[in-house]
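Engineer: Numbering (our numbering), first residue to last: 2 to 383.
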Amino acid sequence: MKKRKLAALLTACVLLLSSFVGCAQTTEEQSAQTQEQTTAETTEEPAQEESEVETTEQVSAHEGEWTFTDSLGRTVTLEGELTRVAPSGNLAQQCLFSMAPEKMVGLGSDLGETAAKYYGEIADLPVFGAFYGSKANLNREALLAADPQIVIDIGEVKDDMAQELDQLQEQIGIPVVFIEASLVSTGDAFRTLGELLDCQEQANKIADYCDQAVSEAQENAASIPEEERKSVYYGLYEDGLTTCAQGSFHTEVIDLVGAVNCAEMENAGSGFTEISFEQLLNWQPDVVLLDTQSMVDAAPTDALWKELTAVQNGQVYKIPTEPYSFLDQPPAANRIIGIKWLGNLLYPEVYDYDMVKEVQDFYQLFYRYELSDQEAQELLGQ
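#1: Which residue from F250, S232 and E165 puts its Cα closest to that of C263?
#2: Which residues in the same chain have their Cβ closer than 8 Å to the Cβ of S295, if we skip the five residues on either side of it in sequence?
#3: Should D71 be labelled buried (16 or more other beta-carbon atoms within 10 Å of its own) or exposed?
#4: Report yes or no: do three or more beta-carbon pairs, one from the region 330 to 339 and one from the region 88 to 99, lie closer than 8 Å?
#5: So, does the CB of Y364 fall closer than 8 Å to a CB anywhere in chain C?
#6: Go through its chain and collect everything with a Cβ distance to G386's Cβ below 7 Å, but skip five positions before and after it.
#7: Within this structure, are the beta carbons of V389 and V289 separated by less than 8 Å?
#8: Could you compute how far the alpha carbon of D374 sits from the alpha carbon of A260?
#9: Under a Cβ-count criterion, where at least 16 other Cβ atoms within 10 Å of its own Cβ denotes burial, should G65 be classed as buried or exposed?
#10: Please classify L197 as buried or exposed, where buried requires at least 16 other C-beta atoms within 10 Å of its C-beta.
#11: Is V233 helix, strand or coil when you go by DSSP?
#12: Starting from A117, trace the alpha helix (DSSP H) both ways and give me its first and last residue.
#13: For D154, count neighbouring Cβ atoms within 10 angstroms of its own Cβ and tell me buried if that reaches 16, exposed if not.
#14: May I have the straight-line CA-CA distance separating L381 from Q168, to the nearest angstrom?
#15: Is the CB-CB distance between Y235 and T252 below 8 Å?
#16: Return the chain-ordered list of same chain residues with a C-beta closer than 6 Å to the C-beta of A101, the five sequence neighbours on each side being excluded.
#17: Go to E196, then tell me how far its alpha helix (DSSP H) extends in each direction, as first and last residue.
#18: Out of curiosity, what's the CA-to-CA distance linking Y370 and N283?
#19: Reducing DSSP to helix, strand and coil, say where C211 ends up.
#20: Just the Cα atoms here: how many angstroms apart are R75 and Q164?
#21: Give the secondary structure of T302 by DSSP, where H, G and I count as helix, E and B as strand, and everything else as coil.
#22: Grouping DSSP H, G and I as helix and E and B as strand, with all else coil, what is V360?
#23: Would you mind working out which of V351, E323, E80 and A62 sits nearest E220, comparing C-alpha positions?
#24: Going by DSSP in three states, C263 sits in which element: helix, strand or coil?
#25: For the region 79 to 95 against the region 140 to 152, are there 3 or more C-beta pairs whose distance is under 8 Å?
#26: Roughly how many whole angstroms lie between the Cα atoms of V109 and T243?
#27: From the DSSP output, in three-state form, read off A182 for me.
#28: Buried or exposed: Q361, going by 16 or more other Cβ atoms within 10 Å of its Cβ?
#29: Would L145 be called buried (16 or more neighbouring beta carbons within 10 Å of its own) or exposed?
Shown next as structure tokens:
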């Protein structure tokens with residue numbers, strides 16, 4: 002009897018102890034679950050705050066009336082965020098397309114079939130023509146119909162430019178600004194344009210690329226001894242006998258990579274000059290660069306051109322020109338890839354680039370176009 006009572010008592014104790022253990026486990030599970038929920042909620046809150054910060058950063062820095070002082074020292078009054086922009090000239094047109102195509106309301110000049118391939122729907126925008134200068138043919142009706150908030154010109158400073166832009170601004174009743182851009186200051190021009198149009202993120206990506214290409218070339222060129230620097234002739238058009246003199250705005254790429262523009266001419270200015278073949282024969286460049294494939298193909302058998310040492314040595318090359326020349330025309334951001342191309346062509350051991358990859362990267366960033374390997378190779382004449 003006593004044994005039965007003792008067994009019953011032990012059984013009850015075991016059941017009671019099991020109950021306590023089960024409660025403890027349930028409490029621990031509930032506590033862990035609560036802690037997980039709290040951690041998840043805490044993690045979600047910063048994400049929400051980060052999203053709010055990103056939204057705030059996208060707000061335009063320009064509200065109400067504000068002023069902008071351009072590269073000529075002209076102060077122009079503007080209103081609110083600039084979302085409708087007209088380019089004056091090819092340089093501004095190209096820079097705007099690279100950075101903010103959605104803000105463009107027209108083109109400074111017709112793109113042509115080749116460039117239109119890269120510009121997509123932008124190629125269908127109205128063409129305004131040249132805004133000022135000796136070749137001015139502004140279509141004022143088309144410009145006013147597009148209703149831009151601002152006209153932007155980019156490039157080389159010219160004589161009387163400030164006065165001409167003031168007159169243009171008064172005539173059309175639209176603010177006009179100028180941003181100076183040489184080859185080495187292309188990055189600065191993009192940064193200025195980015196601040197003007199509230200597109201700093203894209204502007205800085207492009208500007209950083211430009212600055213790196215320029216600084217690499219400056220460093221590489223400094224490593225090339227004077228006696229090893231190659232002389233280069235830059236020939237244009239069907240006969241190849243149009244060029245630009247030393248010091249020209251149009252031949253900056255040649256100078257930057259550590260080569261020498263052979264066209265030494267007095268009083269030639271910075272524009273294009275027709276020369277005789279006798280002049281070219283007298284210069285005897287190490288390398289000839291031409292912008293037409295027909296001239297490159299004809300040179301080896303041409304009665305005159307085959308007298309050039311460069312032709313005899315097979316040092317005649319076609320400049321890539323799609324959608325724009327790698328060296329010039331227009332003398333804009335298209336020249337940045339020209340730095341790498343010409344450096345690699347003349348001094349491959351110094352400018353050690355995979356040019357297929359380089360042009361693919363450049364076209365994606367500047368033209369928003371994905372070049373295939375085949376397209377890149379064809380462009381490079383490989």
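For every residue, glycine included, the Cβ atom is placed at its ideal position computed from N, Cα and C.
Structural biologist: This is what the structure holds:
#1: S232
#2: E239
#3: buried
#4: yes
#5: Reference to chain C is not applicable here, since this structure consists of a single protein chain.
#6: What is shown of the chain runs 2 to 383, which leaves residue 386 out entirely.
#7: Lying before the first or after the last residue shown, residue 389 is absent from the chain, which here runs from 2 to 383.
#8: 29 Å
#9: exposed
#10: buried
#11: strand
#12: G113 to Y120
#13: buried
#14: 43 Å
#15: yes
#16: L198 and C200
#17: T187 to L198
#18: 42 Å
#19: helix
#20: 10 Å
#21: helix
#22: helix
#23: V351
#24: coil
#25: yes
#26: According to the sequence provided, residue 109 is Gly. The question's Val does not apply to it. G109 and T243: Cα-Cα distance of roughly 25 Å.
#27: coil
#28: buried
#29: exposed
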